[in-house]
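**Q** Here my numbering is used: the first residue of the sequence shown is -6, the next is one more, and so on. All C-beta atoms, glycine included, are put in the ideal place defined by N, C-alpha and C.
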Amino acid sequence: MRFADYVQGEGINWWETDPQLQATVARYCTPEMFEWARPHLSRFGELCSTRVSPRADYTDKPEGRPRLISYDRQGEEISKVVYNPGYLATVAEVFGAGIVGWRHKAPAGAPGPVPPVVTWAMGYMVAMAESGFYCPVALTGSAALAVERFAPPDLRERYLPGLISTDPATMTQGATWLTEKTGGSDVGAITTVAIQQPDGTWRLTGEKWFASNADAPVALALARPEGAPPGTAGLALFIIPRTLPDGRRNSYRIRRLKDKLGVIAVASGEVLLEGAEAYLIGGPGTGFKQMMEAINLSRVYNAVASAGLARRSFLESAIYAAGRIAFGRPLIQQPLMRAKLLSMLIDLESITTLAFRAADAFERGDSLARTLIPIAKARTGDRALGLARAGIECFGGNGYIEEYPMARMLRDAQVLTVWEGPENILALDLLRVLAKQGPAELIAHIAQCSESAGHPDLAPARALVQSRLTRLPKTFADIAAADGEYAQLHAVRLMNSLADLLTLAYLIEEAQESDHKRAIARLYAARLAPEQPGALEMLDQAAMAEFDRLMNEV
-6 MRFADYVQGE GINWWETDPQ LQATVARYCT PEMFEWARPH LSRFGELCST RVSPRADYTD
54 KPEGRPRLIS YDRQGEEISK VVYNPGYLAT VAEVFGAGIV GWRHKAPAGA PGPVPPVVTW
114 AMGYMVAMAE SGFYCPVALT GSAALAVERF APPDLRERYL PGLISTDPAT MTQGATWLTE
174 KTGGSDVGAI TTVAIQQPDG TWRLTGEKWF ASNADAPVAL ALARPEGAPP GTAGLALFII
234 PRTLPDGRRN SYRIRRLKDK LGVIAVASGE VLLEGAEAYL IGGPGTGFKQ MMEAINLSRV
294 YNAVASAGLA RRSFLESAIY AAGRIAFGRP LIQQPLMRAK LLSMLIDLES ITTLAFRAAD
354 AFERGDSLAR TLIPIAKART GDRALGLARA GIECFGGNGY IEEYPMARML RDAQVLTVWE
414 GPENILALDL LRVLAKQGPA ELIAHIAQCS ESAGHPDLAP ARALVQSRLT RLPKTFADIA
474 AADGEYAQLH AVRLMNSLAD LLTLAYLIEE AQESDHKRAI ARLYAARLAP EQPGALEMLD
534 QAAMAEFDRL MNEV
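1. Just list the alpha helix (DSSP H) runs in the segment 297 to 381, keeping only unbroken ones of 4 residues or longer that don't cross its boundaries, in chain order.
2. Can you tell me whether ALA270 is helix, strand or coil according to DSSP?
3. Where DSSP assigns a beta bridge to LEU500, which residues make up the other side?
4. What separation, rounded to the nearest whole angstrom, lies between the Cα atoms of PHE388 and GLN459?
5. So the candidates are PRO415, PHE349, ARG372, GLU123; which of them puts its Cα closest to the Cα of ALA400?
6. Return the residue from the list GLU86, LEU171, CYS128 that minimises the CA-CA distance to ALA162.
7. Which complete beta strand (DSSP E) runs does the segment 119 to 207 hold, if anything under 3 residues is left out?
8. Leaving out five residues on either side along the sequence, give the residues of the same chain with a beta carbon under 7 angstroms from the beta carbon of ARG455.
9. What's the gap between the Cα of GLY621 and the Cα of GLU69?
10. What residue range does the beta strand (DSSP E) around GLU70 cover?
11. Between the alpha carbons of GLU150 and VAL259, how many angstroms are there, rounded?
12. Does the beta-carbon of GLY374 have 16 or more other beta-carbons within 10 angstroms, so that it is buried, or is it exposed?
13. Less than 7 angstroms separating the beta-carbons of GLY489 and GLU413?
14. What first and last residue would you give for the alpha helix (DSSP H) that runs through TYR80?
15. Let me know the secondary structure DSSP gives LEU521 once reduced to three states.
16. Going by the beta-carbon positions, is the gap between ALA204 and VAL264 smaller than 7 angstroms?
17. Could you give the distance in angstroms between the alpha-carbon of LEU308 and the alpha-carbon of GLY2?
18. In chain order, what residues of the same chain lie with their CB nearer than 6 angstroms to the CB of TRP170, ignoring the 5 residues before and after it?
19. What do you get for ILE71, buried or exposed, if any count of 16 or more other CB atoms within 10 angstroms of its CB means buried?
20. Alpha carbon to alpha carbon, what distance is there between GLU503 and THR185?
21. Any idea if LYS54 is buried or exposed, counting beta-carbon neighbours within 10 angstroms, 16 or more meaning buried?
22. By DSSP, does THR236 sit in helix, in strand, or in coil?
23. What alpha helix (DSSP H) runs, 4 residues minimum, are completely inside the segment 389 to 459?
24. Measuring straight from C-alpha to C-alpha, what distance separates ALA319 and TYR397?
25. Since ARG486 sits in a beta bridge, which residues does DSSP pair it with?
26. Taking only three categories from DSSP, how would you classify ALA114?
27. Does the separation of the CB atoms of ILE312 and PHE(-4) fall below 7 angstroms?
28. Give the C-beta separation of GLY116 and VAL297 to the nearest angstrom, bearing in mind that I take them to be a contact with Cβ-Cβ under 8 angstroms.
29. Can the beta-carbon of GLY589 be found less than 7 angstroms from the beta-carbon of SER306?
30. Output yes if chain B places a C-beta closer than 7 angstroms to the C-beta of LEU338; else output no.
31. Would PRO367 and LEU419 be called neighbours here (beta carbons separated by less than 7 angstroms)?
32. Of the residues ALA114, ARG142, ALA30, which one's Cα is nearest the Cα of GLY105?
33. Roughly how many angstroms lie between the CA atoms of PRO542 and PRO24, to the nearest whole one?
34. Would a C-beta distance cut-off of 7 angstroms place ALA348 and LEU138 closer than the cut-off?
35. Can you check which of these residues, ALA187, PRO47, ALA315, is closest to TYR(-1) by C-alpha distance?
36. How many angstroms separate the CA atom of ALA474 from the CA atom of GLY280?
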C-alpha cells in the first residue's frame, strides 16, 4: 500500500490493504474456501477499522468504561456491569460475524467447514482495533472449546449453543476464572472449595482475584472438592452460570472492577463465590488438564492479538512517517526512519508467522503444539510491546498524546506479555514439556522447515539454522542433567533461542511464496547473526535499496 495516500490507519479496510494477511489466510485454505472467505473478511476488515476502532477510542475514555452497579434502586444486590452502547454494538457485530461460532459450525453457503485461520484473521483485525475486546472473544472461544470437548451431554446441550451462537438474541459470552490471591501462575495453590449437594450439583466458595469478563453468563472455574489432594491434581473443573436454570441469580457477586493500565474494554473484576451453584465438567485428576486445553487456546488468541496490535502499530507509524515533513522531506524518506520502519516490519512479519503457525498446530492437534504455543505466546507478546514503543518514537511527542492511537496501543500491548502466563511461567512450562516429550521431534521439525526452500539467496539463512541446530542436543542434555533450580535459570534463554530458530525456519519455508517473503527471511537471518560477513551491511542496504519495494507489499 502507498502510506502517503492515507492520514491515519483508522478508516481504511484492514483486509484489503494487508496483502501479507491475505497470503497467510490463503496458505491455510483451499482456493475454493479462500474465494468464499475473501468477501466476508473484507467486510470484517471494514467493520473493525471504521466502527470497532472508533468505539474503542471512546471506551478507553473515563466516560466510556464499563461500570459496576452493585445494587438496584431497592437495595437488592445485582452485580451488574454496564457498557456503553458502542461497545454493545461491537459485541453484536463481531460475535455475529462468526468469530467464535464459525469455529464450531459453518454458516449457510460455506463450501465446507470454515478453516480456523478465517476466524484467526478476524481476531487479528479485531486486535488492530481493540485488543481489550478480543479478550472476551478469546474467553468465549476457550469456554466453548472446553464445554464441547469435555462437558457431559446435558451440560453441553444447555450451554454450548449460546457460546457459539451468531444471533445477538441468543449468544452468550464465556469466561475462565483461575487467578486467586494465593494462586495466579501457581494454579495448584487455588483455595476455592467445592462441596457436592444431594441433588448432584456443587456449591463453590472462594474468591477469584482477577476474573476478566466478570459478568459473563457462563464461566469455567477450578475448585478443590472437599477431601481432594493438594496441588493441581486435586482440582476439578466446573461451569458456573450467572443465571440458574430456574431463572434465579447465582450466589456470587462482583466486589469491584479492576482499575487497569490498559485493555479497558474488558471488565476485569474480583468475584466472590458465596456457595455458587456449579456443575462438574471434570473431577480431580482431569479438571486441571481440561482447563489447560482452554488456556492453551487462550495463549494462541493472545499470540494472534499481539500480531494484530503489532500490525496497527506499524501501520500507524508508516502512515505518520509518510505524511510528516521534517528537514525538508517526509520522514519516511530519511535513512534512520527507513531503518526503524524496516526493523518494525521484520518484527511484524516474523511474529505473525509464528502466531499463525502455533494456531495451526493447535487446531490440527499436532504433538508439537504444546511446545510451540508457549514459545509463540512469549515472543509475540514481547515484540508487540516493542512495536508499540517503537511506534511512539516514530510519532515523536505526538505519539505520547491521547488524541493519537499509539498511547492506547502501548497500554494495551503491555498486558499481552502477562495474560495467560508471563515469560518466566511460559519458559518453565516449556521446560516441563521438553522434559516429558524430548527435543528430537522439535529439532527435526525445525530442520525440515528450514531445508524446504532451495533458493540460493537463502543459503546463509539455512546454514545459520543448521549451525545452531547442531548445538541444541548438547544444550538440552546439559539442562536435563543440571540441578533443577540451576536448569530454570536457562529456561528463558532457551525459549528465546528456540523462538529465533523456529521463526527463521518458518520464514525460510514461506520464502518460496514470493520475493517479499524471501527478503524478510534474509533480513531476519541477518539480524540473528550480525557477526556474519556482510550481515549488517545487508540490513543497512535493504533499508535504503529494498525499502520502497517491501513497503509497497505490506
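**A** For this structure:
1. 328 to 357
2. The sequence shown places Glu at residue 270, rather than the Ala named in the question. Correct three-state label for GLU270: strand.
3. Partner(s): none; LEU500 has no beta bridge.
4. 40 angstroms
5. GLU123
6. GLU86
7. 167 to 170, 186 to 189, 195 to 205
8. SER443, GLU444, ILE501
9. No information on residue 621 is available, as it lies outside the stretch -6 to 547 that the chain covers here.
10. 70 to 75
11. 27 angstroms
12. buried
13. With the sequence shown as reference, residue 489 is identified as Asn, and Gly is not the correct amino acid for it. Not closer than 7 angstroms, so no.
14. 78 to 89
15. helix
16. yes
17. 6 angstroms
18. LYS201, ALA204, ALA212, ALA214
19. exposed
20. 47 angstroms
21. exposed
22. strand
23. 399 to 408, 416 to 430, 433 to 443
24. 19 angstroms
25. BP columns for ARG486 are empty, so no partner.
26. helix
27. yes
28. 5 angstroms
29. Absent from the model: residue 589. The displayed extent of the chain is -6 to 547, so no value can be given.
30. In the displayed structure, chain B is absent; only one protein chain is listed.
31. yes
32. ALA30
33. Residue 542 is actually Arg in this sequence, not Pro. If you take the alpha carbons of ARG542 and PRO24, they lie about 27 angstroms apart.
34. no
35. ALA315
36. 32 angstroms
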